[in-house]
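Here the sequence shown stands for residues 10 to 157, where the numbers follow the numbering used here.
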Amino acid sequence: MKSMLTAAALISATTLIAACQSGPYTPPEPKTEVPTTKMSVGNFISPKACTSGTNTLNGKLIGASLCIRSQKYEVFGGPDITLSFNRELVTVLTPEEAVKGFRATKYGVTASFKCEEIPKKDTDEGRSYHCSYDASNLPLIRADITFP
């Protein structure tokens, strides 16, 4: 019994020492550029698509996600864009509202989202947008979005 307690104490001490030696977490350096994700949705096949991005702000890792749907209520309505920040819903926008731009401040961080319509190359193409999602002027997500 005594040897089992000694072994358990030794394992616990070894685990604690190993955890402490790894050092504190250091977030990555802030990014000034992020890659552009191409996203498209259809009316019935693949009606929803999502992407996410992270950056470092004031020494803390922050994250955001952007989801698009071809039909707002799965049956009717126009397309929409859903924005989240640190796993919390920020807003849901139509493409027309996204072109006008969106800005909100939460937890001292200003999130901004803006899209520009991309001219059509073919009459059969849907509507396309180049969108930027930033937090306090640091890039989180860049996406080229195409709706049917």
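Even for Gly, the Cβ is constructed at its ideal location relative to N, Cα and C.
Margin query: For a test of the three-state rule: what should DSSP assign to Pro104, helix, strand or coil?
Written below: As a working note, residue 104 is residue 95 in the sequence shown. Residue state, collapsed to three classes: helix.
Next item on the list: State the Cα-Cα distance for the pair Ser141 and Leu147, rounded to the nearest angstrom.
Entry: Residue mapping note: residue 141 aligns to position 132 of the sequence shown, counting from 1. Residue mapping note: residue 147 aligns to position 138 of the sequence shown, counting from 1. Rounded to whole angstroms, Ser141 to Leu147 spans 10 Å at the Cα level.
Notebook entry, point to check: Run through DSSP, which three-state label would Ala16 get?
Noted result: Taking the first residue of the sequence shown as 1, we reach residue 16 at position 7. With a pLDDT of only 48 at Ala16, under 50, the local geometry of the prediction cannot be trusted, and the value read off the model is given with reservation. Three-state DSSP puts Ala16 in a helix.
Check: Touch check for the stretch 106 to 118 and the stretch 40 to 48: three-plus C-beta pairs under 8 Å?
Finding: no
Item checked: Contact set for Lys57: own chain, Cβ-Cβ below 6 Å, skip 5 residues either direction -> Numbered from 1 along the sequence shown, position 48 holds the residue referred to as residue 57. Cβ neighbours of Lys57 beyond the five flanking positions: Arg78.
Notebook entry, point to check: Using the C-alpha atoms, what's the distance from Gln80 back to Tyr138?
Noted result: Counting from 1 along the sequence shown, the entry for residue 138 is found at position 129. Counting from 1 along the sequence shown, the entry for residue 80 is found at position 71. About 17 Å.
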